[in-house]
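Letter by letter, the sequence shown follows residues 208 to 368 of our numbering. Heads up, the beta-carbon is just placed ideally off N, CA and C, and yes, glycines get one too. The structure displayed is predicted, hence computed values, not measured ones. Below is one structure; the comments refer to it alone.
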Amino acid sequence: MIDERLDTATLLRHALDAIQGARDVEAVRLLKTVLEREPDNLHAQYLLAIQHAQLGLFERAEERLRALLTVVPEFVVARFQLAQLLVMRGTAKDAREWLQPVLVQADPLGAYARGLLTAAEGDRDGACATIEAALRLPQPVPVLAEDMRRLCGLLRDSAAA
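Written out as structure tokens, the structure is:
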């Protein structure tokens with residue numbers, strides 16, 4: 208049960224703790240509470256979309272990310288996450304559109320975007336090489352780096368199968 212006296216910032220901190228602790232159901236519950244109080248809270252909308260993807264609720268995740276990006280199209284990490292979801296679902300053409308502003312970045316996110324696009328084009332080895340090079344850079348978002356390590360593992364497993 209959620210303590211009704213907690214403010215939004217505290218609920219978001221608890222949600223982030225739950226996400227980092229892989230307590231996905233708890234994170235979703237906390238994020239939904241934030242959005243009941245503040246439906247326009249973009250941070251909570253983004254985190255809930257990512258949690259939906261984590262739980263395998265890909266259609267919900269895609270829907271939430273698209274809605275968020277209609278409001279904030281410059282939200283680069285959300286663009287990347289939507290493109291990643293689309294690549295994993297096999298809709299590479301749409302992913303390319305969302306990745307365009309991210310591809311030119313010189314940081315790890317830009318390299319990850321280029322790796323995703325390479326994977327979408329069917330070059331799994333090239334994708335992993337690009338992603339692994341990006342993983343050697345300083346990582347501003349460690350959770351994303353771990354996600355990219357998993358993606359390379361999936362790409363390698365699917366190539367071996």
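Burial check for V241: the Cβ neighbour count within 10 Å reaches 16 or more, so the residue is buried. Using a 10 angstroms sphere on the CB of T325, the tally of other CB atoms reaches 16 or more, which defines it as buried. One thing to note: W305 has its Cβ no nearer than 8 Å to the Cβ of L316. Sequence-distant Cβ neighbours of E339 in its own chain, meaning closer than 8 Å and more than five residues away, are C359.
Excluding sequence positions up to five before and after L219, its CB lies within less than 7 Å of the CB of V241, H250 and A251, all in the same chain and listed in chain order.
Burial state of L344 is exposed, judged by a 10 Å Cβ sphere holding fewer than 16 other Cβ atoms. If the five residues before and after Q346 are omitted, its C-beta is found closer than 7 Å to the C-beta atoms of P315 and A352, all from its own chain and listed in chain order.
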